[in-house]
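Participant:
There are 2 protein chains.
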Amino acid sequence: MTDYSMGKLRGNCVLAQSGGPTTVINCSIAGAIQEAFRYQEIEGIYGAINGILGVLYEELIDIRAEDPKTINGLVSTPSSALGSCRRKLSEEDYDRILDVFRSHNIRYFFYNGGNDSMDTADKIAKLAKKSGYEMRVMGIPKTIDNDLAFTDHCPGFGSVARHNAIFLRDAAKDNESLYTSDTVKVVEVMGRDTGWIAAATALARESDEDGPHLIYVPERPTSKEKLLADVEREYKKRGRVVIAVSEGMVDEHGEPISASTSSVDVDGFGHKQYGGAGDTVCEFIKEGLKIKARSNKAGTSQRAAVDRASVVDQQEAYMVGQMAVRNAVQGQTGYMVTLVREDGPEYRCTTGLAPLADVANAVKYLPDEFINNEGNYVTPAFIDYAKPLVGGFLHPYIRFEKNYIEKKLPTFKG
Amino acid sequence: MTDYSMGKLRGNCVLAQSGGPTTVINCSIAGAIQEAFRYQEIEGIYGAINGILGVLYEELIDIRAEDPKTINGLVSTPSSALGSCRRKLSEEDYDRILDVFRSHNIRYFFYNGGNDSMDTADKIAKLAKKSGYEMRVMGIPKTIDNDLAFTDHCPGFGSVARHNAIFLRDAAKDNESLYTSDTVKVVEVMGRDTGWIAAATALARESDEDGPHLIYVPERPTSKEKLLADVEREYKKRGRVVIAVSEGMVDEHGEPISASTSSVDVDGFGHKQYGGAGDTVCEFIKEGLKIKARSNKAGTSQRAAVDRASVVDQQEAYMVGQMAVRNAVQGQTGYMVTLVREDGPEYRCTTGLAPLADVANAVKYLPDEFINNEGNYVTPAFIDYAKPLVGGFLHPYIRFEKNYIEKKLPTFKG
Numbered sequence: 164m165t166d167y168s169m170g171k172l173r174g175n176c177v178l179a180q181s182g183g184p185t186t187v188i189n190c191s192i193a194g195a196i197q198e199a200f201r202y203q204e205i206e207g208i209y210g211a212i213n214g215i216l217g218v219l220y221e222e223l224i225d226i227r228a229e230d231p232k233t234i235n236g237l238v239s240t241p242s243s244a245l246g247s248c249r250r251k252l253s254e255e256d257y258d259r260i261l262d263v264f265r266s267h268n269i270r271y272f273f274y275n276g277g278n279d280s281m282d283t284a285d286k287i288a289k290l291a292k293k294s295g296y297e298m299r300v301m302g303i304p305k306t307i308d309n310d311l312a313f314t315d316h317c318p319g320f321g322s323v324a325r326h327n328a329i330f331l332r333d334a335a336k337d338n339e340s341l342y343t344s345d346t347v348k349v350v351e352v353m354g355r356d357t358g359w360i361a362a363a364t365a366l367a368r369e370s371d372e373d374g375p376h377l378i379y380v381p382e383r384p385t386s387k388e389k390l391l392a393d394v395e396r397e398y399k400k401r402g403r404v405v406i407a408v409s410e411g412m413v414d415e416h417g418e419p420i421s422a423s424t425s426s427v428d429v430d431g432f433g434h435k436q437y438g439g440a441g442d443t444v445c446e447f448i449k450e451g452l453k454i455k456a457r458s459n460k461a462g463t464s465q466r467a468a469v470d471r472a473s474v475v476d477q478q479e480a481y482m483v484g485q486m487a488v489r490n491a492v493q494g495q496t497g498y499m500v501t502l503v504r505e506d507g508p509e510y511r512c513t514t515g516l517a518p519l520a521d522v523a524n525a526v527k528y529l530p531d532e533f534i535n536n537e538g539n540y541v542t543p544a545f546i547d548y549a550k551p552l553v554g555g556f557l558h559p560y561i562r563f564e565k566n567y568i569e570k571k572l573p574t575f576k577g
Numbered sequence: 164m165t166d167y168s169m170g171k172l173r174g175n176c177v178l179a180q181s182g183g184p185t186t187v188i189n190c191s192i193a194g195a196i197q198e199a200f201r202y203q204e205i206e207g208i209y210g211a212i213n214g215i216l217g218v219l220y221e222e223l224i225d226i227r228a229e230d231p232k233t234i235n236g237l238v239s240t241p242s243s244a245l246g247s248c249r250r251k252l253s254e255e256d257y258d259r260i261l262d263v264f265r266s267h268n269i270r271y272f273f274y275n276g277g278n279d280s281m282d283t284a285d286k287i288a289k290l291a292k293k294s295g296y297e298m299r300v301m302g303i304p305k306t307i308d309n310d311l312a313f314t315d316h317c318p319g320f321g322s323v324a325r326h327n328a329i330f331l332r333d334a335a336k337d338n339e340s341l342y343t344s345d346t347v348k349v350v351e352v353m354g355r356d357t358g359w360i361a362a363a364t365a366l367a368r369e370s371d372e373d374g375p376h377l378i379y380v381p382e383r384p385t386s387k388e389k390l391l392a393d394v395e396r397e398y399k400k401r402g403r404v405v406i407a408v409s410e411g412m413v414d415e416h417g418e419p420i421s422a423s424t425s426s427v428d429v430d431g432f433g434h435k436q437y438g439g440a441g442d443t444v445c446e447f448i449k450e451g452l453k454i455k456a457r458s459n460k461a462g463t464s465q466r467a468a469v470d471r472a473s474v475v476d477q478q479e480a481y482m483v484g485q486m487a488v489r490n491a492v493q494g495q496t497g498y499m500v501t502l503v504r505e506d507g508p509e510y511r512c513t514t515g516l517a518p519l520a521d522v523a524n525a526v527k528y529l530p531d532e533f534i535n536n537e538g539n540y541v542t543p544a545f546i547d548y549a550k551p552l553v554g555g556f557l558h559p560y561i562r563f564e565k566n567y568i569e570k571k572l573p574t575f576k577g
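Line by line, the protein sequences give chains A and B.
Residues 164 to 577, numbered by my numbering, are exactly what the first sequence covers, in order.
Residues 164 to 577, numbered by my numbering, are exactly what the second sequence covers, in order.
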């Protein structure tokens, strides 16, 4: 048991998860829970069911009553074990949240999510302070999108990167053997506003034959004409093309090439749901170049594939959960835990803290030095950045060396 | 070295792979190659590049010149290592094939593929016989679709089943945590004419909370009205629904609900390429029930995911390759190797033989006893059939037991 003479605050804590799940989001909750077990200051450990909705509706579960095996099993169970939500909160909602916290003597609130969740956490922290209710609020970062600022990268990204590198490598291997009939393969990955995930598919490529041959990210608007010219050039090189596209790929006017038009495709924050960029690219290619194109889209499975998780990502996700609790018990509030990459020849990350409000209001796009001049692939600097995050890669696939037998007949004209 | 006094035929052999690749198709080629190494009768071991096209164009590689490590690496490399094709052969093509075989003293031809490939192999065997050219032709079964008759199941199926059970389980886990905003999840899997692959996603389900809750297969035409009634009923039960659909799902008129209309979407055999059934089901649900629905589609990645391969499938794929060569050397010709499930408490398969022509002209649909009366799920008999084929499943995912804390405030009306 740790005992701090300064800034001691005793009471119950609430953990909640929000937004799109990740493969490792439960590692963070496991880290937070197992760290919370260490402190006398933390009495009840409660989980809010379905994110902030669980607080609003007082749907709080007793984590101490769970089987320790369940807590241990969190690290190998993808997707938010406490449930999640996407809800834009009103002023009354915030008042209600504080009422719930007061009535249950909640002195610690740990919110595991992305930008929107950090904004929510920030507002709760400020309202508590204004109301004179002493509590500590900490953000635990989570997003496959890797678009949170003030952190080297986000827990969840390494695993989705590893999944998609595998998923694209397999699609490319299929394309390689069947290119005489399946000529272009498009792999659509998540990433509404940023291209981090699409960029990471480049980790699948070790030789020119491997895919992806082209990568399109929202940071680089691409006209249909440019796309077709790129594809035609790559097609002439090897008779087939493997392409990775972000779901949020945009045209030359900055419009998503395949924004859904259906009104129900809008989440609680008013964000439009995309999805279909891959199919749209296929249609462009079929119409424009008269060659076959098909798309693969792992969709939500890409952010829940625990058998393809990055070990580095799992460990870091656990660590940020731990550090959120440790820092709060030590007196910090209003921060999100960040990952800080250390200098040195070996990859290593420690943690830091960034104010919730700063994180809430920033988006980290792929920087220019990670995108090639043509705007259709990544740079070696991106590979250097991303490679350590996927925690080791798979066994190599073989290719025949192909020593051809001498031909004996006239060339076939069929 | 095995030496048979009867029916000895000495010469070169050609191996070829055809049609859509699988995760384990190279296991079959590895089995055939390593078995061929054992016989004096087999001199040159050649691989035809891109299926029968490699024979037509005399693009034959010398397998004996390959590094043994490459041969061993075949078992963990997905997708046809020799390349594949989809080509409908003309009469002149068949004459050319025989000319190539004669000129290279090819006495053994092993064709690794599905129905169409067995038809091709059968015609080659018959033409050789008619022409008085002594050669032995054997089929090595391969199809993720599991629709070849005369065999208990097809190499390739167990692995795609295992991939899709994992892929759907992860999608369902995501849906479970985010159902307050992502209500319906549709997973589209391969299967143009038969529902074996969609059916196998039921292996992901161990409790009522797990998906899939509904499965639609081409064997059971389903109207939009029936679909919406099913989805609404399941939605009322748990506030969310996970659905698996075959790409070849058909409406009440027997028409694919999402046949592609683009003319380039037709393969060499004139088969239309489907894909989009999942998106179509989502559109139906969004329009008809006004609830959110999103689809995942692994596409070609589902048949190349070697990290999710079934060990049973890998071993059986190797075995059918071995047995094709062994049977041919022993004097058989005109057969496809089949898998024969032995009776007994433990799962075990041996091999048998079926005439190529019989296999070529038959399609094995999901039998009635494997589909429920409602036509929207599988029966326990199907699970008994399919479970041993995926070669063991993954570690269990945890769920919190959820002991709720007593509420202290009036119910929230927000």
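In this text, a Cβ means the ideal position worked out from N, Cα and C, and glycines have one as well.
What you are looking at is a predicted structure, and each value in this text was computed from that prediction instead of being measured.
So B:His376 contacts chain A; which residues on that side make the cut at Cβ distance below 8 Å?
Facilitator: Within chain A, no residue comes near B:His376; the closest Cβ sits about 16 Å away, beyond 8 Å.
Participant: Please name the residue, chosen from B:Val526, B:Asp547 and B:Thr463, that lies closest to B:Ile534 on a Cα-to-Cα basis.
Facilitator: Checking every option, the nearest Cα to that of B:Ile534 belongs to B:Asp547.
Participant: For B:Pro241, which residues in the same chain have their Cβ closer than 6 Å to its Cβ, ignoring the five residues on either side in sequence?
Facilitator: Counting only Cβ-Cβ distances below 6 Å, and skipping sequence neighbours, we find Thr186, Ala467 and Val469.
Participant: Checking 9 Å against the spacing of the C-beta atoms, do B:Gln180 and B:Ile188 come in under that value?
Facilitator: Cβ distance < 9 Å, so B:Gln180 and B:Ile188 count as in contact.
Participant: Which residues, taken in chain order from the segment 467 to 494 of chain A, show a beta carbon closer than 9 Å to some beta carbon of chain B?
Facilitator: Residues Ala467, Ala468, Val469, Asp470 and Arg471.
Participant: For the segment 249 to 257 of chain B against the segment 292 to 306 of chain B, do three or more pairs of beta-carbon atoms, one drawn from each stretch, fall closer than 8 Å, so that the two count as touching?
Facilitator: With a cut-off of 8 Å, the segment 292 to 306 of chain B and the segment 249 to 257 of chain B do not count as touching, because too few Cβ pairs lie within range.
Participant: Rounded to a whole number of angstroms, what is the C-alpha to C-alpha distance between A:Pro231 and B:Val350?
Facilitator: Approximately 33 Å, taken between the alpha carbons.
Participant: Could you tell me the alpha carbon to alpha carbon distance between A:Ile568 and B:Glu222, rounded to whole angstroms?
Facilitator: Rounded to the nearest angstrom, the two C-alpha atoms are 7 Å apart.
Participant: Quick check: what's the CA-CA separation for A:Arg201 versus A:Ser340?
Facilitator: Rounded to whole angstroms, A:Arg201 to A:Ser340 spans 55 Å at the Cα level.
Participant: Roughly how many angstroms lie between the CA atoms of A:Glu372 and B:Asp414, to the nearest whole one?
Facilitator: When rounded, the distance between both Cα atoms is 41 Å.
Participant: Less than 9 Å between the C-beta atoms of B:Gly354 and B:Pro381, yes or no?
Facilitator: In contact: B:Gly354 and B:Pro381 (Cβ atoms closer than 9 Å).
Participant: Under 6 Å Cβ to Cβ from B:Tyr271, same chain only, skipping five residues before and after it: list those, please.
Facilitator: Same-chain partners within the cutoff: Cys176, Arg299 and Ala491.
Participant: Once you ignore the five residues that flank B:Ala544 on each side, which residues in its own chain have a CB closer than 8 Å to its CB?
Facilitator: Contacts found: Glu532 and Phe533.
Participant: Between B:Ser409 and B:Ala440, which are expected to be in contact by the criterion C-beta below 8 Å, what is the C-beta distance as a whole number of angstroms?
Facilitator: 7 Å between Cβ atoms; contact.
Participant: Count the other C-beta atoms from every protein chain shown that fall within 10 angstroms of the C-beta of B:His416, then say buried if there are 16 or more, exposed otherwise.
Facilitator: Exposed, since its Cβ has fewer than 16 Cβ neighbours within 10 Å.
Participant: To the nearest whole angstrom, what separates the beta carbons of A:Thr514 and A:Met486, a pair I think is in contact under 8 Å?
Facilitator: A:Thr514 to A:Met486, Cβ: 5 Å. Contact.
Participant: Check the Cβ of A:Ile215 against every Cβ in chain B and list those closer than 9 Å, keeping chain order.
Facilitator: Near A:Ile215 there are no residues of chain B at all, since even the closest Cβ is about 11 Å away, more than 9 Å.
Participant: Would A:Asp279 pass as an interface residue toward chain E - the criterion being a Cβ-Cβ separation below 9 Å?
Facilitator: Of the chains in the structure shown, none is chain E; the protein chains are A and B.
Participant: Out of curiosity, what's the CA-to-CA distance linking A:Gly411 and A:Tyr540?
Facilitator: Going by the C-alpha atoms only, they are around 16 Å apart.
Participant: Which whole-angstrom value is the C-beta distance of B:Ile224 and B:Gly236, which I expect to be below 8 Å?
Facilitator: So it is not a contact: roughly 16 Å between Cβ atoms.
Participant: Between A:Thr346, A:Gln465 and A:Pro318, which lies nearest to A:Val352 when the distance is taken from Cα to Cα?
Facilitator: Here the closest residue by C-alpha is A:Gln465.
Participant: Which two residues bound the contiguous alpha helix (DSSP H) that contains B:Ala335?
Facilitator: Its alpha helix (DSSP H) spans residues Phe320 to Leu341.
Participant: Would you say B:Val526 and B:Asp310 are within 9 Å of each other, going by their C-beta atoms?
Facilitator: Contact: yes.
Participant: In chain A, what lies closer than 8 Å to B:Arg270 by C-beta?
Facilitator: Correct list: empty, because the minimum Cβ distance to chain A is about 15 Å.
Participant: In chain order, what residues of the same chain have a beta carbon less than 6 Å from the beta carbon of A:Gly277, not counting five sequence neighbours either side?
Facilitator: Within the same chain, A:Gly277 has close Cβ partners Gly182 and Thr306.
Participant: For B:Lys455, which of B:Glu446, B:Ala244 and B:Asp393 has the nearest alpha-carbon?
Facilitator: Cα-wise, what sits closest to B:Lys455 is B:Glu446.
Participant: Find the residues of chain B that neighbour A:Gly210, judging by a C-beta separation of less than 8 Å, and give them in chain order.
Facilitator: Here the neighbours are Phe563.
Participant: Rounded to whole angstroms, what is the Cα-Cα separation between A:Arg562 and B:Gly246?
Facilitator: Rounded to whole angstroms, A:Arg562 to B:Gly246 spans 10 Å at the Cα level.
Participant: If contacts are defined as beta-carbon pairs under 8 Å, then A:Ala288 and A:Thr496 qualify, I think. What distance do you get, rounded to the angstrom?
Facilitator: Correct: roughly 6 Å between the Cβ atoms.
Participant: By the 7 Å beta-carbon criterion, what residues does the segment 319 to 334 of chain A contribute toward chain B?
Facilitator: Within the segment 319 to 334 of chain A, the qualifying residues are Ile329, Phe330, Asp333 and Ala334.
Participant: Over what stretch of residues does the alpha helix (DSSP H) that includes A:Pro231 continue unbroken?
Facilitator: Note, A:Pro231: alpha helix (DSSP H), Pro231 to Gly236.
Participant: Between A:Asn566 and chain B, is any beta-carbon pair separated by less than 9 Å?
Facilitator: Judged by the 9 Å Cβ criterion, A:Asn566 is in contact with chain B.
Participant: Determine, using beta carbons only, whether B:Thr578 comes closer than 9 Å to chain A.
Facilitator: Nothing can be reported for residue 578 of chain B: it is not among the residues displayed for chain B, which extend from 164 to 577.
Participant: Residues of the segment 446 to 464 of chain B in Cβ contact with chain A at a cutoff of 9 Å, in chain order, please.
Facilitator: Here the close residues are Glu446, Lys449, Glu450, Lys453, Ile454, Lys455, Ala456, Arg457, Ser458, Asn459, Lys460, Ala461, Gly462, Thr463 and Ser464.
Participant: Closest to B:Pro318 by CA distance: which of B:Asp308, B:His326 and B:Asp337 is it?
Facilitator: B:Pro318 has its Cα closest to that of B:Asp308, out of B:Asp308, B:His326 and B:Asp337.
Participant: Step through the CB atoms of chain B and report whether any lies within less than 9 Å of the CB of A:Arg250.
Facilitator: Yes, its Cβ sits closer than 9 Å to a Cβ of chain B.
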